[in-house]
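These notes are about the structure you will find just below.
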Amino acid sequence: MPNTILIVEDEQILREVIKDYLLHAGYLVLEAEDGKEALSLVQEQEVHLVILDIMLPRLDGWSVCRRIRKTSRIPIVMLTARADEEDTLLGFELGADDYITKPFSPPILLARVKRLLEHGGSGPASDTLSAGGIKVHFPSRTVAVDGVPSSLTHTEFEILTYLMRNQGMIVTREQLLEKIWGYDFAGDDRTVNSHIRNLRSKLGERADCIVTVVRSGYKFEDRA
Numbered sequence: 001m002p003n004t005i006l007i008v009e010d011e012q013i014l015r016e017v018i019k020d021y022l023l024h025a026g027y028l029v030l031e032a033e034d035g036k037e038a039l040s041l042v043q044e045q046e047v048h049l050v051i052l053d054i055m056l057p058r059l060d061g062w063s064v065c066r067r068i069r070k071t072s073r074i075p076i077v078m079l080t081a082r083a084d085e086e087d088t089l090l091g092f093e094l095g096a097d098d099y100i101t102k103p104f105s106p107p108i109l110l111a112r113v114k115r116l117l118e119h120g121g122s123g124p125a126s127d128t129l130s131a132g133g134i135k136v137h138f139p140s141r142t143v144a145v146d147g148v149p150s151s152l153t154h155t156e157f158e159i160l161t162y163l164m165r166n167q168g169m170i171v172t173r174e175q176l177l178e179k180i181w182g183y184d185f186a187g188d189d190r191t192v193n194s195h196i197r198n199l200r201s202k203l204g205e206r207a208d209c210i211v212t213v214v215r216s217g218y219k220f221e222d223r224a
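Numbering (UniProt numbering), first residue to last: 1 to 224.
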């Protein structure tokens with residue numbers, strides 16, 4: 001069954017362009033012109049990824065992202081006409097997985113969509129990964145910290161599992177940007193730092209498993 005993607009964009013021409021590219025790539029597409037309609041569709045339909053504009057009528061993209069994250073970890077790609085760094089970091093802090101500034105190339109957007117969906121559907125040979133009091137269950141993409149479920153976003157899950165698979169090894173910010181976001185991502189170190197900060201907050205007392213290596217990057221250490 002093809003994945004279903006929800007496009008939340010009030011500009012009809014742009015929405016149609018994105019829709020055509022997605023349909024041509026074999027995806028099913030849902031459309032919403034405003035934030036409230038988007039939330040209704042997420043609740044009523046099985047949605048695998050959301051392409052979400054920030055400036056929307058009735059309810060803005062920030063609010064939509066925040067509300068989706070209360071109940072779901074589906075990938076969210078945010079669209080904005082502003083290239084403001086603070087906006088980008090705010091989007092990541094609210095749980096967005098990727099961020100694209102208008103105007104953009106539809107093929108690049110399509111590549112980002114494919115990457116997020118492929119990462120979401122892939123998994124290692126083993127169904128679980130455990131270290132430092134943290135247990136990951138790949139089939140359900142869930143994480144438990146000392147037996148207590150922790151709700152991670154798609155990108156936080158990818159960062160955590162990548163660090164855990166490379167336990168004890170230094171992973172540079174550049175490696176994380178390439179592995180998690182892709183080689184064509186225009187972000188920088190602050191993008192990684194923002195996600196690491198959010199991830200640590202969700203790991204609670206196990207946050208110290210993610211160690212900052214000054215001027216190098218991060219590594220995962222089992223401190224259980």
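Every residue gets a Cβ at the ideal spot worked out from N, C-alpha and C, and that includes glycine.
Residue closest to T80, alpha-carbon to alpha-carbon, out of K70, T101, G91 and L90: The sequence position of residue 80 within the sequence shown is 80, counting from 1. Selection K70, T101, G91 and L90 evaluated against T80 yields T101 as nearest (Cα-Cα).
Neighbourhood of R15 by C-beta distance below 7 angstroms, restricted to the same chain and skipping five residues each side: Taking the first residue of the sequence shown as position 1, residue 15 is located at position 15. Counting only residues of its own chain and dropping the five nearest sequence neighbours on each side, R15 has a CB closer than 7 angstroms to the CB of I7, E9 and E31.
Beta bridge counterpart(s) of Y99 as assigned by DSSP: Residue mapping note: residue 99 aligns to position 99 of the sequence shown, counting from 1. Answer is M78.
Whether N193 touches E156 by CB criterion (8 angstroms): Translated into the one-based positions of the sequence shown, residue 193 becomes position 193. Translated into the one-based positions of the sequence shown, residue 156 becomes position 156. No, the Cβ-Cβ distance between N193 and E156 is not below 8 angstroms.
Hey, could you find the ends of the alpha helix (DSSP H) I159 is sitting in? In the sequence shown, the residue the question calls residue 159 occupies position 159. According to the DSSP assignment, I159 belongs to the alpha helix (DSSP H) that extends over H154 to R165.
Compare the Cα-Cα distances from D127 to each of V113, V143, R115 and R173 and report the closest residue. Residue numbering aside, residue 127 sits at position 127 when the sequence shown is read from its first letter. Per the Cα distances, V143.
Rounded to whole angstroms, how far is the Cβ of N3 from the Cβ of Y27, which I believe are closer than 8 angstroms? To locate residue 3, count along the sequence shown from 1; it is residue 3. To locate residue 27, count along the sequence shown from 1; it is residue 27. The Cβ separation is near 6 angstroms, so the contact holds.
Please state the DSSP three-state secondary structure of F92. One-based indexing of the sequence shown puts residue 92 at position 92. Three-state DSSP puts F92 in a helix.
For the alpha helix (DSSP H) that contains A38, what are its first and last residues? The residue labelled residue 38 in the question sits at position 38 within the sequence shown. Start and end: G35 to E44.
Out of curiosity, what's the CA-to-CA distance linking G91 and K36? For the purposes of this step, residue 91 is taken as residue 91 along the sequence shown, with counting starting at 1. For the purposes of this step, residue 36 is taken as residue 36 along the sequence shown, with counting starting at 1. Take the alpha-carbon of G91 and the one of K36: they are about 18 angstroms apart.
Taking 8 angstroms as the threshold (C-beta atoms), are R190 and D208 in contact? Position 208 of the sequence shown, counted from the start, is the residue given in the question as residue 208. Position 190 of the sequence shown, counted from the start, is the residue given in the question as residue 190. Contact flag unset, no.
Note down the Cα distance separating S201 from Q43, rounded to an integer number of angstroms. For the purposes of this step, residue 201 is taken as residue 201 along the sequence shown, with counting starting at 1. For the purposes of this step, residue 43 is taken as residue 43 along the sequence shown, with counting starting at 1. Taking C-alpha positions only, S201 is separated from Q43 by approximately 27 angstroms.
Whole angstroms are fine: how far does the CA of T153 sit from the CA of Q175? Translated into positions along the sequence shown, residue 175 becomes position 175. Translated into positions along the sequence shown, residue 153 becomes position 153. Roughly 19 angstroms between the two C-alpha positions.
Look up K135 in the DSSP assignment and give the residues it is bridged to. Stepping through the sequence shown from its first residue, residue 135 is reached at position 135. Partner(s): S130 and A144.
Which one or two residues does DSSP pair with G182 in a beta bridge? Along the sequence shown, one-based indexing puts residue 182 at 182. None; G182 has no bridge partner.
By a C-beta neighbour count over all protein chains shown, 10 Å radius and 16 as the cutoff for buried, is P75 buried or exposed? Taking the first residue of the sequence shown as position 1, residue 75 is located at position 75. Under a 10 Å Cβ-count criterion, P75 is classified as buried, with 16 or more other Cβ atoms of the shown protein chains found around its own Cβ.
Report the CB separation of L129 from F220 in whole angstroms; it is logged as a contact under 8 angstroms. As a position in the sequence shown, residue 129 is number 129, starting the count at 1. As a position in the sequence shown, residue 220 is number 220, starting the count at 1. Not quite, the Cβ-Cβ distance comes to about 11 angstroms (not below 8 angstroms), so this is no contact.
By a C-beta neighbour count over all protein chains shown, 10 Å radius and 16 as the cutoff for buried, is H48 buried or exposed? Counting from 1 along the sequence shown, the entry for residue 48 is found at position 48. Burial state of H48 is buried, judged by a 10 Å Cβ sphere holding 16 or more other Cβ atoms.
The alpha helix (DSSP H) enclosing Y21, as first and last residue numbers: Locating residue 21 in the sequence shown gives position 21, where the first residue counts as 1. Here the alpha helix (DSSP H) through Y21 covers Q12 to H24.
Burial state of H195, where buried means 16 or more other Cβ atoms lie within 10 Å: As a working note, residue 195 is residue 195 in the sequence shown. So H195 counts as buried.
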